[in-house]
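Single-structure report; data block below.
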Amino acid sequence: MASRLSAENSLIQSFEIMSKNDREEVDDNITVNQALCDIMNNYIPSTLTMYIEFAVTFLNVLFISMLDDPALVSGCGLGVFLITNVIFTWDMGLCGAIDTLVSQAYGRKDYKLCGTYLNTSRILFTLLFIPQAIILLNSNSLLKFFNQPKESAEIAQKYVHATLFGAFLNMQFEANRRFMVSQGEFPPVLCTMIGTTLFHICGLYIFVLHLGWGISGVGIITAVTFTLNFIATSVYINSKKKQVISDKWFFLDQEGFQRIPEFLKYGIPAALMLIFEILGYDMMTLFSGWIGTEEQAANIIMFQIWILICMNTVGITYSSTGFIGNSLGGNRPRSAKAYAYSTLLFGLLITACILFVYYLIRRTAIGQFSSDRSVTDLVFCSFPCYILAIFSDAGQGLGGGILRTIGYQHFASIIQFISMWIIYFPLAYIFAFELGYGFKGLWFAAPIGPGLTNIGFILLVLFSNWESIAKNASASTNQSSQSNPELPLEGLPLKEIAEKEVI
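Residue 503 is where the sequence shown ends in the UniProt record's numbering, and the numbering goes up by one at each step.
Right under this line is the structure:
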């Protein structure tokens with residue numbers, strides 16, 4: 001027994017020395033310039049996928065509008081709104097846990113755990129789809145409850161019913177995408193989405209214009225497109241032979257269920273971040289509708305262009321997620337910090353350039369959405385605050401992406417709730433209605449919420465203890481590492497390594 005303990009202590013000491021030497025040999029000298037180059041290499045494919053994804057919804061509305069039936073356009077818009085708020089917002093938010101957990105596990109070479117987290121997301125999305133489906137199958141009654149036009153509500157229900165299962169698979173595809181992005185895999189996602197979007201255009205032409213299936217045709221082809229995205233990325237993940245692929249992709253096992261609490265620890269705050277933001281901007285549309293029809297039309301136009309610019313921000317955060325998380329998982333805090341700072345620098349610079357161009361072509365851009373002078377004048381009179389709000393929102397989007405990757409979703413969700421719901425919206429209401437500034441008052445307050453969130457997020461990024469975060473992220477004490485002979489020994493607790501060697 002004494003000899004066994006002596007051997008254990010000796011091995012522990014030797015592994016402590018080895019671990020120290022390994023840490024000293026880790027390449028943790030990435031400069032901001034190098035980090036910028038790495039992020040820029042991923043920027044184009046990452047951002048293109050976001051614009052292609054947005055294009056699917058845009059194409060649906062475009063083709064249905066060719067039928068010259070306002071009720072069809074309204075119903076399609078309501079259907080998209082329901083699916084977005086009931087399925088997309090919640091599941092996309094939960095995917096924030098993948099940004100944290102998979103990217104860090106991949107950085108410490110815990111490949112099996114990467115696959116486990118992917119399976120955990122599949123389990124949660126499947127369970128969540130049950131109440132989501134119940135709500136959406138009764139979408140007609142729900143829309144009537146909110147006093148939406150009867151004909152539009154019935155059309156929206158047809159769209160939702162046709163798209164429903166495809167929307168579920170689209171969220172499974174989103175889990176695949178975030179899984180791949182966290183490991184630096186961008187081209188396969190881009191190629192998949194280019195192919196399926198071309199298919200989507202052909203399908204819309206055949207089903208909507210040639211066969212005359214109307215809103216049902218739009219829903220069916222959308223569901224098929226979403227399904228193809230999921231199948232193509234799943235086949236790629238399953239067939240790609242790189243770095244213990246058998247451990248990264250496997251069928252469900254018990255650990256996938258056991259990881260649910262850990263996944264929710266990061267997923268729920270990430271979902272709240274997205275919900276606070278999206279529902280918050282929906283409140284702006286509601287407030288503008290209380291002022292008047294022209295004001296609501298102007299608000300919708302402004303937000304449509306805002307969303308287009310926002311796709312660029314999301315693309316940049318996706319392009320840096322893997323670098324930051326992998327660096328933390330590999331215990332490289334200086335590299336993680338360099339990638340985080342580069343994300344903020346590059347993202348804000350690109351956004352400023354886009355907004356400058358937008359300002360120069362503002363009359364042409366706004367004119368594409370409406371020729372009504374009363375509507376366009378409302379947009380132009382609020383334009384300075386509008387531009388500032390978009391820039392602030394880009395900052396909060398970039399900061400939020402970094403905070404999700406390092407696992408600070410809970411702090412970020414609190415900051416966002418206070419900034420948007422405790423400060424911004426009461427002020428917007430006061431400026432618009434109590435002080436009588438109307439539509440100008442709404443947009444005078446618009447930079448406040450994103451601006452405060454932006455400041456809070458960036459301060460949190462700048463003053464985080466990156467060394468401590470990296471130390472925790474790189475410390476692997478999970479059972480999957482212990483049972484996987486392909487993994488490096490430094491992922492195991494030292495005492496367990498010693499016992500394993502003695503035995």
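Beta carbons are placed, not taken as given, at the ideal position from N, Cα and C, and that holds for glycine. Owing to the predicted nature of the structure, the values given are computational and were not obtained by experimental measurement.
Close beta carbons around residue i, own chain, < 6 Å, minus the five adjacent residues each side
i    : result
S10  : Legend: pLDDT at S10 = 42, less than 50; position of this residue unreliable, value from coordinates given subsequently. There are no such residues.
G184 : G322
F207 : W213, G217, I221
A412 : M273, G400, L403
Y236 : P188
M420 : F276, G280, G449
L388 : P447
M193 : T49, I52
I201 : none
DSSP state of residue i mapped onto helix, strand, coil
i           : result
R404        : helix
G322        : helix
K112        : helix
W213        : coil
P149        : coil
Y437        : coil
G184        : coil
E496        : Model confidence at E496 stands at a pLDDT of 39, short of 50, so the residue's coordinates are unreliable and nothing is read from them.
Q172        : helix
S480        : Unreliable placement is indicated for S480, whose pLDDT of 44 sits below 50; the coordinate value is still reported in the next sentence. The answer is helix: DSSP assigns S480 an H, G or I state.
I423        : helix
P447        : coil
S141        : helix
residue 504 : Because the chain in this structure spans residues 1 to 503, residue 504 falls outside the shown range and cannot be described.
S413        : helix
N331        : coil
A156        : helix
S121        : helix
F207        : helix
N454        : helix
N472        : helix
Pair within 8 Å by beta-carbon distance, residue i and residue j
i           : j    : result
V102        : S182 : yes
Q416        : E277 : yes
S137        : L78  : Rather than Ser, the amino acid found at residue 137 in this sequence is Leu. Against a cut-off of 8 Å, the Cβ pair of L78 and L137 comes out as no contact.
H410        : P269 : yes
Y266        : T57  : no
F425        : G280 : yes
residue 504 : T343 : A query on residue 504 cannot be resolved here, the shown segment of the chain reaching from 1 to 503 and no further.
L228        : F186 : no
I458        : I406 : no
S374        : K440 : no
I423        : I448 : yes
M302        : Y386 : yes
Y43         : G325 : no
A162        : A223 : yes
F257        : Q172 : no
K158        : I87  : no
W443        : K337 : no
Beta-carbon contacts of residue i that lie in its chain and below 7 Å, excluding the five residues immediately before and after
i    : result
G289 : Q296
L124 : L94, I260, F263
V73  : V61, I64, S65
Q254 : none
A156 : G75, L78, G79, L82, S139, L143
A340 : I324, I402, V461
Sequence-distant residues of the same chain with beta carbon closer than 8 Å to residue i, five excluded per side
i    : result
L348 : F391, A394, G395, L398
I98  : Y117, L118, S121, A175, R178, F179, S182
A352 : F391
Distance cut-off 7 Å: residue i Cβ against heavy atoms of the ligand COA
i    : result
L209 : With respect to the ligand COA, the structure shown offers nothing to examine, as it has no ligands at all.
Practice problem: Counting only runs of 4+ residues fully inside the segment 11-99, write out the alpha helix (DSSP H) ranges in chain order. | Solution: Within the segment 11-99, the complete alpha helix (DSSP H) runs of at least 4 residues are 32-65, 70-83, 89-94.
Quiz item: What residue ranges within the segment 225-311 form continuous alpha helix (DSSP H) runs of no fewer than 4 residues, ordered along the chain?
Solution: As far as the segment 225-311 is concerned, its whole alpha helix (DSSP H) runs of at least 4 residues are 245-248, 254-258, 260-291.
Exercise. Kindly provide the ranges of any alpha helix (DSSP H) runs that are 4 or more residues long and lie completely inside the segment 333-385, ordered along the chain.
Key: With a minimum length of 4 residues, the unbroken runs of alpha helix (DSSP H) contained wholly in the segment 333-385 fall at 333-360, 362-367, 373-381.
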